[in-house]
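Take a look at the structure set out below.
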Amino acid sequence: MLRDLYPLAVNAGIPATEYWDMTLDEITIQSAAIKKQHQDALKERAVMDHRLSQLLAFAFNEPNKMPSVDKMYGFLNDATTKKEIAEPTPEWKKDQAEFIKQALAIKQINNAKRAQGGE
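Sequential numbering of the sequence shown, starting at -16, is according to the working numbering.
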């Protein structure tokens, strides 16, 4: 039975070197997993092809209304957003914000003194 399944399993994507060490359950599970991965890749490609065709339609008919790449391919925008969130604020930016606060406080105090006629 395993000899009869060997060509089918190798054709399904199971490595020939690993086939003989696998049980029948492992072979069927691995075959199903490889089939699902292949179907997922086809679905992903179909979605990308459809989006590309939409962009081509915009480019040909109404180039001025063509959406941006980030809007059309939403996962690109998610990756940049996660990258921006992951980056902590540099120390010099924190120092700069603190100096600006202090400068504004001093300016307010000086303006208040001038208004009272203290200087």
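C-beta atoms are modelled at their ideal positions from N, C-alpha and C, and glycine is treated no differently.
CB M55 to CB R34, shorter than 7 angstroms? Counted from its first residue, the sequence shown places residue 55 at position 72. Counted from its first residue, the sequence shown places residue 34 at position 51. Against a cut-off of 7 angstroms, the Cβ pair of R34 and M55 comes out as a contact.
Would you call the segment 34 to 54 and the segment 10 to 21 in contact, with 3 or more CB pairs under 8 angstroms? no
Check E46 in the structure and name its three-state DSSP category. Taking the sequence shown and counting its residues from 1, the one referred to as residue 46 is at position 63. It is Pro, not Glu, that sits at residue 46 in the sequence shown. Looking at P46 - three-state DSSP - the assignment turns out to be helix.
Boundaries of the alpha helix (DSSP H) in which I83 is found, first to last residue: The sequence position of residue 83 within the sequence shown is 100, counting from 1. Here the alpha helix (DSSP H) through I83 covers 74 to 99.
Cα-Cα separation between L(-15) and L7, rounded to whole angstroms: Within the sequence shown, numbered from 1, the residue matching residue -15 stands at position 2. Within the sequence shown, numbered from 1, the residue matching residue 7 stands at position 24. So the two alpha carbons sit approximately 8 angstroms from each other.
What are the complete alpha helix (DSSP H) segments, minimum 4 residues, inside the segment -13 to 33? -1 to 2
Mind checking whether Y2 and A(-5) have CB atoms under 7 angstroms apart? Counting from one through the sequence shown, the residue named residue 2 turns up at place 19. Counting from one through the sequence shown, the residue named residue -5 turns up at place 12. Taking 7 angstroms as the Cβ cut-off, Y2 and A(-5) do not qualify as a contacting pair.
Alpha-carbon spacing of M49 relative to I10, whole angstroms: As a working mapping, residue 49 is identified with position 66 in the sequence shown. As a working mapping, residue 10 is identified with position 27 in the sequence shown. Rounded to whole angstroms, M49 to I10 spans 48 angstroms at the Cα level.
Distance check for A95 and G57, CA to CA, integer angstroms please. Along the sequence shown, one-based indexing puts residue 57 at 74. Along the sequence shown, one-based indexing puts residue 95 at 112. If I take the Cα positions, the gap works out to 52 angstroms.
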